[in-house]
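A.B. asks: One structure follows; several queries about it will come next.
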Amino acid sequence: NDACILVRVLPGEASGTPAKVETVPDLGVFEIRSTATTVGSNQRQQISIRREIGSSQVEVSGQIRAGAEAVESWVTVEDPVGYLGAALRATFLEEGVEIPTPEAVAYLPRDHDRLWWVVARHTSDLLTTLEVLNKRSQNFYAESVLKTLGARACGKGSWAAGLQAVGEFLDRLGVEREEVSLADGSGMSRGNRATARQVTSLLRRMFYHRWGAEFLKTLPYSGEPDLHWQKRLADPPYRGNVFAKTGTLRGVSALSGYAKGRSGRLYAFSILLNDTRDQRAATRAQDTLIKTLIDHG
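Numbering (the numbering used here), first residue to last: 2 to 298.
As structure tokens, then:
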């Protein structure tokens, strides 16, 4: 599960009772501390789910309305290797295989080729990985892909090497680096900066790149089922005519990609909003601009 566990908060039996908290899968990896309560259906609902860095303790607070749907959040685990061990143990037990000793971390000796063998190997092609990355905003994949680029292009699987590889690619595309500053692969760092003009320039060049068609397929489209885009720009003539990636931080809202106008022409665009106080208002403003582009394009 990408080193994450789903934390689910449900309302209690009645107003005033504690909220129910579940983890999926339930492997005992997290220590849940919840002060969340159930409130009346006409009261404000606000739930916070957070894990402190360096801890396996998850704090759940706030209030959830009686009868409301579950509030869910994917939470990263502190120890991915231990998580894998717990998941393997649970899987073996489900199949009736008893494991008498607790799981432990061990390092392979130098002569591991004589002591260990590969039972199975699973790999995903890059385009499949990029599709999950872009459509589901999978930040873990984004950072992994960046380091993989560094390893392949510069011989070192690090952020610095990955950013060097990306910079060299931008140079080959002819994107002006003076207006672009990159700090990571996921975009979570506020050190990532670019102008809307340069993002649009990059998108335009990618459209004509030899991998442009494949890149376009990795982007979520307006009204796409089972994604955040499911209800966004989902009505005709906008449904299926916007292929774009969102980007959100506190006070920042971005939308960049392609939109197909009524004329059939495809437009590259980038809308970068800073110092926003209302995310919904920012989204509405972006959607209004895109609708105008499609209606008159």
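All C-beta atoms, glycine included, are put in the ideal place defined by N, C-alpha and C.
Looking at the structure shown, is Val72 part of a helix, part of a strand, or coil, going by DSSP?
C.D. replies: Looking at Val72 - three-state DSSP - the assignment turns out to be strand.
A.B. asks: Between which residues of its own chain and Glu32 is the CB-CB distance below 8 Å, once the five residues before and five after are set aside?
C.D. replies: Hits under 8 Å: Ser57, Gln58 and Val59.
A.B. asks: Under the three-state reduction of DSSP, which class applies to Gln199: helix, strand or coil?
C.D. replies: Helix, per DSSP.
A.B. asks: List the whole-angstrom C-beta distance separating Gly17 from Thr38, where the pair is believed to meet the contact cut-off of C-beta under 8 Å.
C.D. replies: That belief holds up - the Cβ atoms of Gly17 and Thr38 are roughly 7 Å apart, short of 8 Å.
A.B. asks: Quick one: Cα of Leu267 to Cα of Leu11, how far?
C.D. replies: Cα to Cα, the separation comes out at about 44 Å.
A.B. asks: Thinking C-alpha only, which one of Ser62, Asp80 and Thr284 is nearest Gly55?
C.D. replies: Gly55 has its Cα closest to that of Asp80, out of Ser62, Asp80 and Thr284.
A.B. asks: Taking 8 Å as the threshold (C-beta atoms), are Asn140 and Ser187 in contact?
C.D. replies: Closer than 8 Å, so yes.
A.B. asks: On the DSSP bridge assignment, give the partners of Pro19 in chain order.
C.D. replies: In the DSSP output, where bridge partners are listed per residue, Pro19 has Thr38.
A.B. asks: Give me the DSSP bridge partner(s) of Gln287.
C.D. replies: DSSP output for Gln287 lists no bridge partner at all.
A.B. asks: Do you know how far the Cα of Ala197 is from the Cα of Lys292?
C.D. replies: The alpha-carbon atoms of Lys292 and Ala197 are separated by roughly 18 Å.
A.B. asks: Tell me whether Val59 sits in a helix, a strand or coil according to DSSP, three-state version.
C.D. replies: Three-state result, Val59: strand.
A.B. asks: Applying the 10 Å Cβ sphere with the 16-neighbour rule, what's the burial state of Leu89?
C.D. replies: Exposed, by the Cβ-count rule.
A.B. asks: Alpha carbon to alpha carbon, how far is Tyr142 from Val106? Give it in angstroms, no decimals.
C.D. replies: Rounded to the nearest angstrom, the two C-alpha atoms are 24 Å apart.
A.B. asks: Our contact map puts Lys157 next to Leu228 with C-beta atoms below 8 Å; I'd like the distance itself, whole angstroms only.
C.D. replies: Going by Cβ atoms, the distance from Lys157 to Leu228 rounds to 34 Å, so no, they are not a contact pair.
A.B. asks: Would you report the Cα separation of Arg52 and Val30, rounded to the nearest angstrom?
C.D. replies: Rounded to the nearest angstrom, the two C-alpha atoms are 12 Å apart.
A.B. asks: My output table needs one value for Asn140: the three-state DSSP class, helix, strand or coil.
C.D. replies: Helix, per DSSP.
A.B. asks: Three or more C-beta pairs under 8 Å: does that hold for the stretch 248–260 against the stretch 200–214?
C.D. replies: Judged by Cβ distances under 8 Å, the stretch 248–260 makes contact with the stretch 200–214, as three or more pairs qualify.
A.B. asks: DSSP beta-bridge partners for Thr130?
C.D. replies: Thr130 is not bridged to any residue.
A.B. asks: On the DSSP bridge assignment, give the partners of Phe270 in chain order.
C.D. replies: Beta-bridge pairing links Phe270 to Gly258.
A.B. asks: Anyone know if the C-beta pair for Arg66 and Ser42 falls short of 8 Å?
C.D. replies: It is a contact, given that the beta carbons lie within the stated cut-off.
A.B. asks: Measuring only the C-alpha atoms, how far is Arg9 from Thr247?
C.D. replies: If you take the alpha carbons of Arg9 and Thr247, they lie about 25 Å apart.
A.B. asks: So, with DSSP's three-state summary, where would you put Tyr239?
C.D. replies: Correct three-state label for Tyr239: coil.
A.B. asks: Just to confirm before moving on: does the CB-CB distance between Val22 and Val76 stay below 8 Å?
C.D. replies: Contact: no.
A.B. asks: Are the Cβ atoms of Gly151 and Gly163 separated by less than 8 Å?
C.D. replies: Contact: yes.
A.B. asks: Considering only C-alpha positions, which residue in the set Phe216, Glu73 and Glu104 is nearest to Thr130?
C.D. replies: Nearest of Phe216, Glu73 and Glu104 to Thr130, Cα basis: Phe216.
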